[in-house]
Each structure stands twice: as C-alpha cells, then as structure tokens.
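Right, one structure below, let's go through it.
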Amino acid sequence: MDFSLGVEQKLIQKSVREFFTKECPKDKVRELKETKSGFDSKMWKKLVKLGYLGLIFPEEYGGTEGEFLDLMIFMEELGRNITPCPFFTTVALCGIPIVKFGTDEQKKAILPKIIEKGHIWTLAQTEKKANNYSNEIELTADLSGDNYVLNGTKLFVPFANSAKQILVVARTQKGKDANHGITLFMVDAKTKGINIEVIPTAAKDCRCEIVFKDVKVPKENILGTKDKGWEIVDYIFQQASVLKAAEMSGGCQAVFDIIVNYTKERKQFNRSIASFQAIQHRLVDFMGRIEGLKFLVRKAACEISTGNSSARLNSMAKASANKIYHDLCYHSIVLHGAIGWTEEMDIGLYHLRTRSLLFDMGDVHFHKEKIADELQFHSPAFKEVYS
Amino acid sequence: MDFQFGEKEEQFRLEIREFVKENLPKGFIGNMFEEEHTDENWAFAMSIAQKLAKKKWLTISWPKEYGGMGASTWQKVVFAQEAGYWGIPGIGMGVSGTAWVGPSLMLFGTKEQQEKYIPLIAAGDPDGVWCTGYSEPDSGSDLASLQTTAKRVGDNYIINGQKVWTSCAHKARYIWLACRTQQNTEKKHQGLSLIIVDMKSKGLTLNPLKNFMGGHVFNELFFDDVKVPVENLVGVENNGWSQLMTALSFERGLALSAGGACVRILDELVEYAKETDRIDDPFVRQSLADLAIDIETLQILSFESAWKEDQKKIVIYEPSRDKALCDQLLEKVSRVGSDILGVYSQMDIMNKDPRWSKLKGSVEHVYYYCIGLAIAAGTTDTQRNIIANFGLQLPRSY
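Protein chains in written order, with the numbering used here: chain P, 11 to 397; chain S, -7 to 390.
Here it is in structure tokens:
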C-alpha cells in the first residue's frame, strides 16, 4: 500500500495549481458568470497549448498517454479553484468513451482536434425524467436513408452553447428492456434543426436546453454499436463519477482551508473564534470526512488506473462527495457569520455550484442504489469460511 | 499510489481464516468486551489465546526476541482486520497485556521485569493477563490530575487511592498502575510513575461495577496501604507521564479491528435482509449502502495511519481522527442494524436465545457497547480536542 502521489502526479498537481491560480483567480470566476460562454477562451487556449487536453489520450492521436490518476489529480485542482471551463465535458464525458469505443477512423478524425485545437465536446444525456436511468432516454433517432433523424429535447447539457460537437444519447429502439435500444451519436452542434438555450442556473455555469427538430446525422457518426449505447453511458459514468468526485474533493479541500483560516483570524471576545470548542469540533469532523473523501476518490481512481475499476468504489466516491460538499459549504458559510453571506467572499462561489455538482454523474440516492446492488450480489467471507 | 494488499498479506489472510475455521464454532460472531462477562466465555477466550500464542499471532507486533512474530505493518493490519471480522477472542491478554504492557516493558522495563512478565503474556498464560489502572473518580479526560499515591518506604512503595472503570481487573493477574510519586509539583504531569502491582496484593479490594445491560467489564479498585517492592517501578520514577503517552501510542489498532467488525456486521445484515426480503425495501438498500461508504472510508483512513507509521512519518492526530470516526461509525452500524432487525433489535444481550436473537445478538451488542467504546481510551470529544490542537493547530479550548 502506498498513499503518496507519484512523481508525475505531484508535478501535475503543482503545475495545474499554479496555472489555475494565475490564470483564473476568483475575481475572474466572478466575471465569467456574467459572460455568454461562461469560460475564458484565452485560458482554454493556454490549457490546450500546455497539452492538458491530451493528458491521458494515446500518443498516436497526439496525447501524452498519462494514467487515469493524472486526470484525477487535474480534476482535484480544477475543483479546488472552481475553474469554469469545458474540460470535464470534453475529456471525461466524450474523449474517454471515444478512445474506448470509437473506430480508428473516428479517433483519428476527432482526438487530434480535441488535443491540439481544443475542440469542445459535451454529452447530451439528461431528459425530463432526469434520473440517470436508461428509461429517461426518449429522444428518438430514426433511420432515413443514410441518416438518422433526431427528435427530442435534452436538458442541463453543460457548455452546449460553446460545443463544436455533441455526443447525444438517443433511443433507436423501444422495447421492454429500457437499457436496450440506446445509441450514441456524435453530432455537429451547428447542424440544422438544433436549438440551444442557456438555462438560468445559480452558478451561471452554462447548462443548456437543446431541442432537436428533425436533425439529420450521418449513420457513420454512431459511437460504438447501434442499440448498445447504454453500455457506453455506463462506462462514461463509472469513470466520470470518480472524476467529478475528485473535482468536489478538491473543492472541499479549498473550502476547508478558507474556513480554518478565517476562524483562526477572526477575533471576538478578545480571542480567535477558532478557540471555541463548538467551532473546533465542527471543523475536526469535517477534516476527518474530507480526508476520507480524498482517499476514497484516490483509491477508486487508482483501481481504474490499474484496470480494476470497481463499480462499488466509483459510486462510493461520488456518493461520499455528495454527502460532504453541501454540509461543508453550508456550515462554512455559517461559521463565517454575516460576512460569509456576501458576494465579496469566495466561499459563496463554491456553494453556488453545490446543486449542479450533486446532480452531475448521479445524486446520492442513485449511487447508494448502485452500491446496494453490489452488496446484494457479493458473497461475504463468512459464508465461504463457514460453509 | 497503491491501495491493495500485497500477495504476502493476502496469503496471511487465508492462513488466519484457516485458523478461524479450525478453532471457532461455525458461524461464531465474537463481540467486543464480551469475553470477561462469564467464566465460560473467559475460558474459551484463554484457550484461543494459547492457540494464537503457538502461532506467535498473540504477540504479532512484538519483535521476535521477545517471543513475538515480528510481523510487517501490513501483516499487522491484516491481522487486526481479520480479528475484528471474525471476532477472534483472547487477543488482548486482558485490556493491555499485548497492546502496551509488553511493548512498554521492552522500552522501559528492567531485564528482570522483562524476563518475569513478557514470556507469560506471549504464552497466553493466565498470569499474563493485565488490566490498566489509569482512570480515577475525579480524573477521567483530565488524566494527569490523578491522585492515587505511591510513597517510598524503604524498599517498598505504599500505595493508597482508588481506581475506577478498570476493565478486566477481575480477570487480571497484574495491574499497570499510574500513580503519583511526588506531591506538589509545578505541573500536574510531573511526579507520576508507572508501577506494576500484583492483583493478589494485600490491601487491594476489587468491587465489580456492572454496566446497565448487566455485563461485567468495569471494576473499581481500592488501594489501602498496598505494599509493592520498588523493583516494580517501570522506567524512571516521576517520569511516568511520558512513558504513559508512549504506551498509549501503542494502542492504535482499534480502528482497524473495529473496521473489520463493522464489515462483518454489514455482511451479516445484507444476508439477513436477503433472507427476509427486506433487501427490496429502498430504505434498507439506502441505509446499507450508506453504511458501506462510511465503513470503507474508516478503513482507508486507518490504513493511511498505518502507512504513515510504516513510512516512519510522524503520526500525531491520525489515531484520534480514526478513533473519533470509529466511535461514530459503530453507533451508526448499531442504528442501521437495529432498524433492519426491527422488533428483534430489543433482545437482551445477556441472555441470547437463538430463537429470538438475530445475528447471534451482535447488533444489540454493538448498540450498547458502542457507547462504552466512545468513552474508552478518550471520549470522542476528547479526541476532537486533540485533533483540533495537534491536527489543525487551533488554540487549546480547555
């Protein structure tokens, strides 16, 4: 067992932290909320230039072929700085499944453009049921000649307003088994019949509604196999849950640093408020939970890195992040007193993201249900030994 | 980064399970602090202790020259986990024999003390069973304020005072006693000493203190002019506090074995829920999953503490962190477990009847014993104070 970060990860941690601190200070985060695109395209170009978009993609397509752990560390830092940008949607939600399920031709056409040109991708999955189960997928794709024709509405698609390409989860067949008959299409965002509108979310983080009206997509734009797309969605979820949890874990570490420093500095009754036991015990409990979350996420990522991805751990990582993020933001703001409730303080910026982070890649009930599934079908040691 | 045990450790795990299969009754679930309740439980625990001694597992963390196994950190971790999971009885030699009396004697004891006491513990001998005399009626969390005195008279110490909440004293041959050898010191931590006292000494009276469930763990001890030879002093006179702190630091496997015990109860609860069809209840599913997350988290953190020790990094607040989380987790295990057992969660833990007590009464046992554990070795809030001071560098609040 080894709890330390490898040389590569330490390097990434340091350079990404420096990069975000310099390129995206909190005032910039505030400003970006008021912009149309929601992120800084200059910073995006720099990220591309530094090769971060190709962090874990194969060398033959222009990537640097790092480990999944490298990406996890990147996401921790992104979350620590709450840097708004379409990195997660492009790399985690689309790039990763394209590497796994794309044909060589598709990969050659797509990956270098992401890595070298910074093409933005996003995943359009959520629909009105918004439950992350396959039965929410109702957007239809019907074959007509050499094209599929897409009709339906996707909701809360992150950065769709800036995306060049959208990976659309569509229904190509309707039957008893909702998992069957789902197909993923790679769709040019400029295709006729697509209408994108930004939804007014608290974080102003560019969650979009996309209406597809008779949108024609060439049939070679299918990712993976027709009707078997749910397998890909699950693959995306397994890894992206851990990466989203890493982002949240980084956010928690930052919020915790803010509140510990604030309570140490703030004086009342002629003493630092951090000397009060009521405050200390709350902070201490959060420290244990945050350290636990950090290692839980890292463990899940480590297993993915070594090819032993564990659905149980992946869900634990995201569920745990969900359990902590809200509590920590709420209590940290309250511990600040009135000043915490003003826009002047950074802490509110973290809390504005709570609800979208909690929903992204599955809420706490969704993941606990997945864990329960794993528990139910796992054979316990005592049964084997005492059989 | 690597979060897996090595092949050697997994092999060792199988060996332990083989031992369990051979020596424990089928389906046995050992409960914490249950072995000292009855003579029957105790006899069984001691018989296992002797079997463990033969394998050197009783003193797994001790160096070989003292009769230990000289195991690696990760073998120790695996043993603690498995001991918790299977509830292997007899591993403590009382409260403290294997955990801190032996290791402290190796560090501070005289050669004569080492030769006299250490082999008895390592062999699983009834005379190697120890209790620890720290707490007093007016010295709980504020341990350094203790008032039991040992006055030097010729070649003896004359001990007077009272100890309380002394677990396992009714089974122990010796007590590891913290007492005051110097009065009126500048600070309360000064002037303390550690002294070994034979439980058969004249003037030592034991009064059992049953807990509210009817179990016998605690005792109170009265020292009335108890005469102890000076050679029973451990280490340096008046330097007891630092020795005591060192001794406390040996007691770090608790979260590891409690983690193992929690995994077992979770496994049992899942099987129970399956057998009773409660597994289809969304509330039950969510509760079990929630528990599984917290158990996994505690385990990872306790592994991290072990890893830091293994790397010779300074471990300061981590054991307190693990203990505080462990206290909360055990309470949660008992609550979730009780909710799943429903009406059967109200059974008497002192008279377990297989007709009524589900899962051998283990859930009810944790339900009441998690309270004792949250108090023992520093209450949850005392741990929080330590973490605040030493982990977060916050000003002292007390």
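Don't be surprised by glycine CBs; every beta carbon is placed ideally from N, CA and C.
Asked, Found
"Name the one or two DSSP bridge partners that Tyr166 of chain S has.", "S:Trp122 and S:Asp190"
"Going straight from the alpha carbon of Glu69 of chain P to that of Glu75 of chain P, what length do you get?", "6 Å"
"Who are the near neighbours of Lys36 of chain P in its chain, counting only those whose CB is closer than 7 Å to its CB and skipping five residues on each side?", "Asp356 and Leu359"
"What residues in the region 331 to 349 of chain P have a beta carbon less than 7 Å from any beta carbon of chain S?", "none"
"Does the contact criterion of 3 or more C-beta pairs under 8 Å hold for the region 237 to 244 of chain P versus the region 189 to 207 of chain P?", "yes"
"For the alpha helix (DSSP H) containing Ile147 of chain P, list its first residue and its last residue.", "Segment: none, Ile147 of chain P is in no alpha helix (DSSP H) and carries neither H nor E."
"Tell me, please, whether the region 173 to 187 of chain S touches the region 222 to 242 of chain S by the rule of three or more beta-carbon pairs shorter than 8 Å.", "yes"
"Compute the Euclidean distance between the alpha carbons of Lys350 of chain S and Gln183 of chain P, then round it to the nearest angstrom.", "48 Å"
"With a cut-off of 7 Å, does the C-beta of Phe13 of chain P fall near any C-beta of chain S?", "yes"
"Considering only residues of the same chain and omitting the five flanking positions on each side of Met85 of chain P, which have a CB-CB separation below 6 Å?", "Leu253, Ala256 and Glu257"
"Would you tell me roughly how many angstroms separate the C-alpha atoms of Thr65 of chain S and Ala41 of chain S, rounded to the nearest one?", "21 Å"
"Could you check how far apart the C-beta atoms of Glu452 of chain P and Arg322 of chain P are, in whole angstroms? I think they sit under 8 Å.", "No answer is possible for residue 452 of chain P: the residues shown for chain P start at 11 and end at 397."
"Quick one: what's Val227 of chain P bridged to in DSSP?", "P:Tyr158"
"Going by Cα to Cα distance, which pick from S:Leu135, S:Val328, S:Ala284 and S:Glu296 is closest to Met11 of chain P?", "S:Glu296"
"Given a cut-off of 7 Å on the beta-carbon distance, is the pair Ala161 of chain S and Leu186 of chain S in contact?", "no"
"In the region 207 to 241 of chain P, which residues sit with their C-beta less than 7 Å from some C-beta in chain S, listed in chain order?", "none"
"Could you give the DSSP three-state label for Val218 of chain S: helix, strand or coil?", "strand"
"Between the region 86 to 99 of chain P and the region 257 to 266 of chain P, do at least 3 Cβ pairs fall closer than 8 Å?", "yes"
"Comparing C-alpha positions only, which one of P:Val39, P:Ile125, P:Glu18 and P:Gln19 sits nearest to Tyr62 of chain P?", "P:Ile125"
"Please report the residue range of the beta strand (DSSP E) in which Ile300 of chain P lies.", "Element bounds for Ile300 of chain P: not the beta strand (DSSP E) but the alpha helix (DSSP H), Gln287 to Ser315."
"Anything in the region 248 to 277 of chain P with a Cβ closer than 9 Å to a Cβ of chain S? List those residues in chain order, please.", "Val270, Thr273 and Lys274"
"Less than 8 Å between C-beta atoms, sequence neighbours within five positions excluded: which residues of the same chain meet that for Ser330 of chain S?", "Ser337, Val355, Glu356 and Tyr359"
"Near Ser282 of chain P, which residues of its chain fall below 6 Å by C-beta distance, leaving aside the five closest residues on each side in sequence?", "Lys274"
"Starting from Val395 of chain P, find everything on chain S with Cβ-Cβ shorter than 7 Å and list it in chain order.", "Arg9, Val12 and Lys13"
"Please classify Ser53 of chain S as buried or exposed, where buried requires at least 16 other C-beta atoms within 10 Å of its C-beta.", "buried"
"Alpha carbons only, please: which of S:Lys103, S:Gly82, S:Phe(-5) and S:Lys56 is nearest the one belonging to Gly116 of chain S?", "S:Gly82"
"For chain S, find out if any of its Cβ atoms is closer than 7 Å to the Cβ of Met326 of chain P; answer yes or no.", "yes"
"I believe Thr132 of chain P touches Val167 of chain P by the beta-carbon criterion, under 8 Å. Please report the beta-carbon distance rounded to the nearest angstrom.", "6 Å"
"Measure the C-alpha to C-alpha separation of Glu104 of chain S and Gln175 of chain S and round it to an integer number of angstroms.", "29 Å"
"Going by the DSSP bridge assignment, what does Pro168 of chain P pair with across the sheet?", "P:Arg217"
"So, are the CB atoms of Ile206 of chain P and Cys218 of chain P less than 7 Å apart?", "yes"
"List, in order along the chain, the chain S residues whose C-beta lies closer than 9 Å to that of His129 of chain P?", "Per Cβ cutoff of 9 Å: no residues; His129 of chain P is ~31 Å from chain S at best."
"Excluding sequence positions up to five away, which residues of its chain have a Cβ less than 6 Å from the Cβ of Glu260 of chain S?", "Leu351"
"Can you give the Cα-Cα distance for Asn332 of chain P and Thr316 of chain P, rounded to whole angstroms?", "25 Å"
"Looking only at its own chain, which residues have a Cβ that is under 7 Å from the Cβ of Leu386 of chain S, when we skip the five neighbours before and after it?", "Ala380"
"By DSSP, does His190 of chain P sit in helix, in strand, or in coil?", "coil"
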